[in-house]
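*Asks:* With UniProt numbering, letter number 180 in the sequence shown gets 180, and the count goes up by one each step, no holes.
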Amino acid sequence: MSQDGQQPEPGGGHLVAPPGSAVVVGSFPLDGGEWFGRHEHAAHQLAWAADGVLAVQASGRTWVLPSSVALWIPAGVPHATGATGKALLRSLYFWPDRCPLRWQEPQVVPVSGLLRELIGHLAQEPEALPAEARHRAEQVVFDLLHPVTVTTVRAPLPADPRARRVAEALCRDPADDRTLAEWGAVVGASSRTLARAFVAGTGMTYGQWRTQLRLQAAMPLLAAGATVTSVAHRVGYGSPSAFVAAFRRGVGVPPGAYFGPSAGR
């Protein structure tokens, strides 16, 4: 597909790459838990789940991507792409010398109904879409790509073995609301010792880390279509409004803006 013969993703898939086009479209079915390991491209990539939910790891962060958003990955940025369940990865690849966008870092991009239709339009085989029509559609795609400011959530595990036991237990049950003093009785450490271990091992206080963990646990649930109310209770919030407020503070937008209107139910 490329000027240098490089394949866009490891493994199989289908590419639509007419000669002279600025945008190459790739379609790659993924099974749940399947990953394209760490790799990079000579072209910029817009990774989007036409069906299902994607996860992308790049620049030390992880994005969970429902079909309402895509991730712009600049050329040369190492990344890994996978799926939380069965998914169809539909990627657009943009040659840097033909692309007006100059984003140097990964960017989350909303996928509107029009952008979704244009991606499907460009996925047609060359004989079904004349070169002039393809060129016009490619220019509209560029016009529709606007980053939205969101923050990835991350809850790294602390190195201290006692704090790590607490963290691993909370990973299994994010709704567990035991205090550090109560956890200390379980793992044999004072609350002050555990508090210091979380800051030293994660760069966050225990409360900040637990919030990040709860938001991290909520992401795939919301992406799978669970309601805000059910997710809020499942990850440990007393009310949907408290969860939405925490999500907005932690991510930068409310769940409905990130996952689409269905997340607001």
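Glycine included, every Cβ here is placed at the ideal spot set by N, Cα and C.
Given Trp209, which residues of its chain have a CB within under 7 angstroms of its CB, disregarding the five upstream and five downstream residues?
*Replies:* Ala155, Phe198 and Thr202
*Asks:* Which of helix, strand or coil does DSSP assign to His146?
*Replies:* His146: coil per DSSP, three-state reduction.
*Asks:* Could you tell me the distance, in whole angstroms, from the CA atom of Gln139 to the CA atom of Ser91?
*Replies:* 17 angstroms
*Asks:* Going along the chain, which unbroken runs of the alpha helix (DSSP H) with 4 or more residues stay wholly within the stretch 104-162?
*Replies:* 113-122 and 131-144
*Asks:* For Ala217, which residues in the same chain have their Cβ closer than 7 angstroms to its Cβ, ignoring the five residues on either side in sequence?
*Replies:* Pro174 and Val235
*Asks:* In this structure, how does DSSP classify His14 when only helix, strand and coil are distinguished?
*Replies:* strand
*Asks:* State the start and end residues of the unbroken alpha helix (DSSP H) segment that holds His233.
*Replies:* Val228 to Arg234 is the extent of the alpha helix (DSSP H) around His233.
*Asks:* Applying the 10 Å Cβ sphere with the 16-neighbour rule, what's the burial state of Asp177?
*Replies:* Taking a 10 Å sphere around the C-beta of Asp177, we find fewer than 16 other C-beta atoms and assign the residue as exposed.
*Asks:* At 3 residues or longer, and completely inside the UniProt domain "HTH araC/xylS-type" (164-261): list those beta strand (DSSP E) runs for me, N to C.
*Replies:* none
*Asks:* With C-beta atoms as the reference, is Leu144 less than 8 angstroms away from Leu101?
*Replies:* Result no, Cβ atoms of Leu144 and Leu101 do not sit closer than 8 angstroms.
*Asks:* What separation, rounded to the nearest whole angstrom, lies between the Cα atoms of Thr151 and Ala43?
*Replies:* 24 angstroms
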